[in-house]
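In the working numbering, the protein residues as written are 15 to 106.
Let me begin by presenting the structure, written as structure tokens, before commenting on it.
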Amino acid sequence: MELLRRGYEVNVGKMGQTEVDFVAKKGDVISYYQVTASLTEQTTFEREIRPLKKINDNYPKKILTLDRFTLGNYEGIEVLNAVDWILGKKYR
């Protein structure tokens, strides 16, 4: 709902057996989003990041999570706290 509120067209992306939770498009820009409660378990981290790694373009790829332990950038995939993302908080 938040992506729609921000003016994006939103779809689910499917690549073979893997799925990207949300493919958001605004104008000519596409963004990919995975959403998960926590990435602290290695199996969850790998499951959520795998579909984004398979996408071979330079559009933004993000994972939104409620945990604060896995935030950062993993090979160009940005992991953000979901609440901070909704509130528009920036990290630098």
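Ideal Cβ placement from N, Cα and C applies to all residues, glycine included.
Per DSSP, the bridge partner or partners of residue i
i     : result
Gly86 : Val93
Ala38 : Val24 and Ser45
Proximity of residue i and residue j at Cβ, strictly below 8 Å
i     : j     : result
Lys39 : Glu16 : no
Leu66 : Phe59 : no
Ile91 : Ile63 : yes
Tyr73 : Tyr47 : no
Gly27 : Val34 : yes
Gly86 : Val97 : no
Host beta strand (DSSP E) of residue i (start-end)
i     : result
Leu78 : Lys75 to Thr79
Host alpha helix (DSSP H) of residue i (start-end)
i      : result
Lys104 : Looking at the DSSP string, Lys104 is not in any alpha helix (DSSP H), and its letter there is neither H nor E.
Val57  : The question names Val, but residue 57 in the sequence shown is Thr. Unbroken alpha helix (DSSP H) run through Thr57: Gln56 to Lys67.
Leu18  : Glu16 to Arg19
Where residue i falls, given that 16 or more other Cβ within 10 Å makes a residue buried
i      : result
Gln56  : exposed
Ile77  : buried
Lys186 : The structure shown has nothing for residue 186, since the chain only spans 15 to 106.
Thr79  : buried
Gly30  : exposed
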